[in-house]
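Trainee: Pasting a structure here, questions to come.
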Amino acid sequence: MADQDRLSDPNLELITTLLYSVGLPQPPPSSSLAQAAPPVSHCYLLQYGVDRLLAAAADFGWPQLAPLNQSNGNISLAIQIEAHVVETHGDAALDPFNRFIVRIAYKRDGVLRLMSAPRPTLPGVPYYPLSLSAPDTEPSSSEAEVPLIPVHLDPGHVRSSLFTKHKTSYRGEYNEARARVGFDDSVAFAKGEMLLQNERGEIMGGGVTTVYFWREGRWRTPAKETGCKLGVSRRWALENAGVVEGTVMAGDVEEGEMVWLSSAVGGFRRGKVTLKRYEARE
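Residue numbers for the sequence shown follow UniProt numbering, beginning at 1 and rising by one.
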């Protein structure tokens, strides 16, 4: 399907997803996010998610999302998300140990559509890191408790476009990449993530995460010029965790290389690159 056909699809949605929990850690008080967020937000990186949707709406030419840009837009959205999660999940939504993934979506009409589902709780996952441990350092006790994610390099190429820059309901090229690395619908994130490269052989990121590589003594994430998805956890890392943008070539990625992965659903996780195709294990 050509980009123009995708853009004119009446079912196309602009999306952001996030983690919801009444037990969610709060951002450091000194961070700009803490100043912009509602006093107590149960929605992880909500303001960044709002900014992401507005940026996508501007690029796609969808003015109906403009109300999100009002001064209380994030507070109004937080209230709607909380009401949805409580109505959908009942008392479970009030337990601070429980976590939920929330899908926030808008079609061209600007009408909010929410979906949510329970998500496993993983103690030890950092959500607001001010630094990421280097690959040659011993992981902290809490980091060591969180399983590594295998990261499989896609041998094919994904063409950079608005649909790789922004999160939408169109997943065609991502589904093709999943097939190339050996993932079927049964392969959840805990079993593996994929590493995508654009038509120039530059790493763009993961299928559902931002990826960070140790280069020249610091963590580097693919630059926006690669066509990478401009995720909200990526923004946190660039603004607060000492991460820089840069080019990472697929040909320079090594078997066994340690990386960090992040998303607004799973926080920050460590991963390990493999150049091999995924094979299911019994």
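Yeah, the Cβ is synthetic: ideal placement off N, Cα and C, and Gly gets one too.
Everything numeric in this text was worked out from a predicted model, so none of it was measured.
Within its chain, find whatever has a CB closer than 8 Å to the CB of arginine 215; leave out the 5 residues flanking it on each side and keep chain order.
Mentor: Gly246 and Val248
Trainee: The beta strand (DSSP E) with valine 273 in it runs from where to where?
Mentor: 267-274
Trainee: On a Cα-Cα basis, can you pick out the residue from Gln26, Gly205 and Arg218 that is closest to cysteine 228?
Mentor: The residue among Gln26, Gly205 and Arg218 with its C-alpha nearest the C-alpha of cysteine 228 is Gly205.
Trainee: Looking at the structure shown, is phenylalanine 100 part of a helix, part of a strand, or coil, going by DSSP?
Mentor: Strand.
Trainee: Suppose contacts are defined by Cβ-Cβ distances below 8 Å. Is valine 146 in contact with proline 96 by that definition?
Mentor: No, these two residues do not count as a Cβ contact at 8 Å.
Trainee: Check the C-beta distance from isoleucine 149 over to phenylalanine 183 and give it rounded, since I have them as a contact under 8 Å.
Mentor: That belief does not hold up - the Cβ atoms of isoleucine 149 and phenylalanine 183 are roughly 13 Å apart, past 8 Å.
Trainee: Considering glycine 207, what are the terminal residues of the beta strand (DSSP E) in which it resides?
Mentor: Here glycine 207 belongs to no beta strand (DSSP E), and DSSP marks it neither H nor E.
Trainee: Measuring alpha carbon to alpha carbon, tell me which residue in Val111, Gly110, Val86 and Tyr106 is nearest arginine 99.
Mentor: Val86
Trainee: Closest to histidine 152 by C-alpha separation, out of Met258, Tyr20 and Arg6, would be which residue?
Mentor: Met258
Trainee: Please list the terminal residues of the continuous beta strand (DSSP E) segment that includes tyrosine 20.
Mentor: Segment 14-20, the beta strand (DSSP E) holding tyrosine 20.
Trainee: What does the Cβ neighbour count give for glutamate 239, buried or exposed, with the cut at 16 atoms within 10 Å?
Mentor: exposed
Trainee: According to DSSP, what are the bridge partners of alanine 105?
Mentor: Ile15 and Arg113
Trainee: Buried or exposed: residue 284, going by 16 or more other Cβ atoms within 10 Å of its Cβ?
Mentor: In the structure displayed, the chain extends from 1 to 282; residue 284 sits before or after that span and is not available.
Trainee: Applying the 10 Å Cβ sphere with the 16-neighbour rule, what's the burial state of threonine 168?
Mentor: Buried, since its Cβ has 16 or more Cβ neighbours within 10 Å.
Trainee: Beta strand (DSSP E) containing glycine 246: first to last residue?
Mentor: From DSSP, the beta strand (DSSP E) with glycine 246 extends over 244-246.
Trainee: Label isoleucine 79 either buried or exposed according to how many other C-beta atoms from any shown protein chain fall within 10 Å of its C-beta, with 16 as the threshold for buried.
Mentor: exposed
Trainee: Closest to valine 50 by CA distance: which of Val265, Glu254 and Val232 is it?
Mentor: Val232
Trainee: List in chain order: all unbroken alpha helix (DSSP H) runs of 4+ residues lying wholly within the segment 145-175.
Mentor: 162-165
Trainee: For the beta strand (DSSP E) that glutamine 197 lies in, which residues bound it at each end?
Mentor: 193-197
Trainee: Using the DSSP secondary-structure output, state which residues sit across from valine 125 in a beta bridge.
Mentor: Beta-bridge pairing links valine 125 to no other residue.
Trainee: Please check the pair glycine 201 and alanine 250, which I expect to be a contact at CB under 8 Å, by giving their CB distance rounded to whole angstroms.
Mentor: 5 Å
Trainee: Taking only the alpha-carbon atoms, compute the straight-line gap between glycine 267 and proline 25 and give it to the nearest angstrom.
Mentor: Those two C-alpha atoms are separated by around 11 Å.
Trainee: If you count every other CB in all the chains shown that lies within 10 Å of the CB of glutamate 193, and 16 or more means buried, which is it?
Mentor: buried
Trainee: Where leucine 19 and alanine 66 are concerned, what is the direct C-alpha to C-alpha distance, given to the nearest angstrom?
Mentor: The C-alpha of alanine 66 is placed about 24 Å away from the C-alpha of leucine 19.
Trainee: Taking the beta strand (DSSP E) that valine 259 falls in, what are its first and last residues?
Mentor: 258-263
Trainee: Closer than 7 Å by C-beta to valine 244: which residues in its own chain qualify, once you throw out the five before and the five after it? Chain order, please.
Mentor: Exclusion of the five residues before and after valine 244 leaves Arg218 and Arg220 as the residues of its chain whose Cβ lies within less than 7 Å of its Cβ.
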